[in-house]
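Q: In the working numbering, the protein residues as written are 30 to 223.
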């Protein structure tokens, strides 16, 4: 900046880290996830943001098409990829990823093309998504084990019972209904996942 040709100083503009970014990176790293920052910005801007967030791997000057190619390459190595984006230039990569998460003000045209829309500025939502995903997988696994175990016990009892006396149709039906009710009650725990 100058006034009447007298130099007063200069201004620099830099990207600002979203609130919760460092905590999200730490959480994902502890969960065994690999984090890669892919941006179309210049090297100094991307490396600064990556360093501040605690991200070790990053790419800069990346075109939208190249973002999708990076995702394809990771998928080719057998990795599942979640893409988090906040701009229209991310749409190709968001569509290519196994899961696409976008930050949105609600006005973006690509809202219907992604898996998850976060309508807040901070990154805590991503941490919550991974946490909820882990809890839901555990609950589904429990339900499968309950179904197999209870139906196996019911079948074994029916085989044993039929060898001594003929069993009526009521017992297998009531047993199957009991299994359904137990699994349903266990599934109700999903309503309380936070």
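We put the beta carbon where it would ideally sit given N, CA and C, even for glycine.
Check the Cβ-Cβ distances between residue 169 and every residue of chain D, and say whether any is below 7 Å.
A: Looking for chain D here will not work: only one protein chain is present.
Q: So for residue 205, helix, strand or coil by DSSP?
A: Reduced to three states, the DSSP call for residue 205 is helix.
Q: Anyone know if the C-beta pair for residue 93 and residue 71 falls short of 7 Å?
A: No. Outside cutoff.
Q: May I ask you to report which of helix, strand or coil DSSP gives residue 178?
A: Residue 178 falls in the helix class under three-state DSSP.
Q: For residue 111, count neighbouring C-beta atoms within 10 Å of its own C-beta (all shown protein chains included) and say buried if the count is 16 or more, exposed if not.
A: Flag for residue 111 reads buried.
Q: For a test of the three-state rule: what should DSSP assign to residue 114, helix, strand or coil?
A: Three-state result, residue 114: strand.
Q: What residues in its chain sit with their C-beta under 7 Å from that of residue 178, if we drop five residues either side in the sequence?
A: Taken in chain order, the list of residues that qualify is empty.
Q: Let me make sure I understand the geometry here. Which of 104, 214 and 187 has the alpha-carbon closest to that of residue 202?
A: Taking only the C-alpha atoms, the option nearest residue 202 is 187.
Q: Could you check what DSSP says for residue 154 in three-state terms: helix, strand or coil?
A: Helix at residue 154.
Q: Could you tell me the boundaries of the alpha helix (DSSP H) in which residue 102 lies?
A: Looking at the DSSP string, the run of the alpha helix (DSSP H) that includes residue 102 is 93-105.
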